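The structure appears below as structure tokens.
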Amino acid sequence: MSEDLKRMADMLKAGATMLPRQCPLCHAPLFQMGDEIWCPKCNKRVVIVSDSEEPALAAAPFVLQSLEETIINKISEAKKMIDEESDPERLESLGSLLSMWLDVLYKLRKIREK
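Numbered as in my numbering, the sequence shown ends at 123 without a single skipped number.
Pasting the structure below:
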């Protein structure tokens, strides 16, 4: 049995209710435990703002968090490349790339604060 199916079974055994909605990220069925809605495949909580609204909009915080992690990894990769580079033209290009990723990270964090 896959880990995802085991998690779903465990949630049902614990009293969760499988909802007629899918996770906006992975499309697995969503489960409600108490007042919270969870995706067993992503193992993350999903917030639905209103019944008429699709979960995809409510999942934005999770998407933003994942995007932030990706950008931080890209910044780390650019830093490693800069450490190993000695060509001034390539360093200028890498510096521009690093500056762009830092700007994106700054804007992303501003959006998450709102």
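From the three backbone atoms N, C-alpha and C, an ideal C-beta is built for every residue, glycine too. These figures come from a predicted structure and were not determined experimentally.
Short check: CB of residue 33 to CB of residue 40, under 8 angstroms? On the sequence shown, residue 33 is found 24 positions in, with the first residue counted as 1. On the sequence shown, residue 40 is found 31 positions in, with the first residue counted as 1. It is not a contact, given that the beta carbons lie outside the stated cut-off.
Let me confirm a value: residue 17 is counted as buried when at least 16 other C-beta atoms fall within 10 Å, else exposed. Which label applies? On the sequence shown, position 8 is the one that residue 17 refers to. Its Cβ being crowded by 16 or more others within 10 Å, residue 17 is buried.
CA-CA distance, residue 27 and residue 81? One-based indexing of the sequence shown puts residue 27 at position 18. One-based indexing of the sequence shown puts residue 81 at position 72. Approximately 35 angstroms between the Cα atoms of the pair.
Using the beta-carbon count (16 or more within 10 Å), is residue 132 buried or exposed? The chain is shown only over 10 to 123; residue 132 falls outside these bounds and no answer can be derived.
Is it true that the segment 103-116 meets the segment 75-95, where meeting means three or more beta-carbon pairs spaced less than 8 angstroms apart? Because the criterion of three Cβ pairs below 8 angstroms is met, the segment 103-116 and the segment 75-95 touch.
Do you know offhand how far residue 94's Cα is from residue 120's? Taking the first residue of the sequence shown as position 1, residue 94 is located at position 85. Taking the first residue of the sequence shown as position 1, residue 120 is located at position 111. Straight-line Cα distance between these residues: approximately 33 angstroms.
Does residue 57 come out as helix, strand or coil in the three-state DSSP assignment? Against the sequence shown, residue 57 aligns to sequence position 48. Residue 57 falls in the coil class under three-state DSSP.
In whole angstroms, what is the alpha-carbon distance linking residue 127 and residue 98? Within the shown structure, residues of the chain are numbered from 10 to 123, placing residue 127 beyond reach of any answer.
Supposed close pair residue 114, residue 78 - CB separation, criterion 8 angstroms: The residue labelled residue 114 in the question sits at position 105 within the sequence shown. The residue labelled residue 78 in the question sits at position 69 within the sequence shown. About 11 angstroms separates the two Cβ atoms, so there is no contact after all.
With DSSP as the reference, label residue 38 as helix, strand or coil. The residue given as residue 38 occupies position 29 in the sequence shown. Of the three classes helix, strand and coil, the one that applies to residue 38 here is strand, per DSSP.
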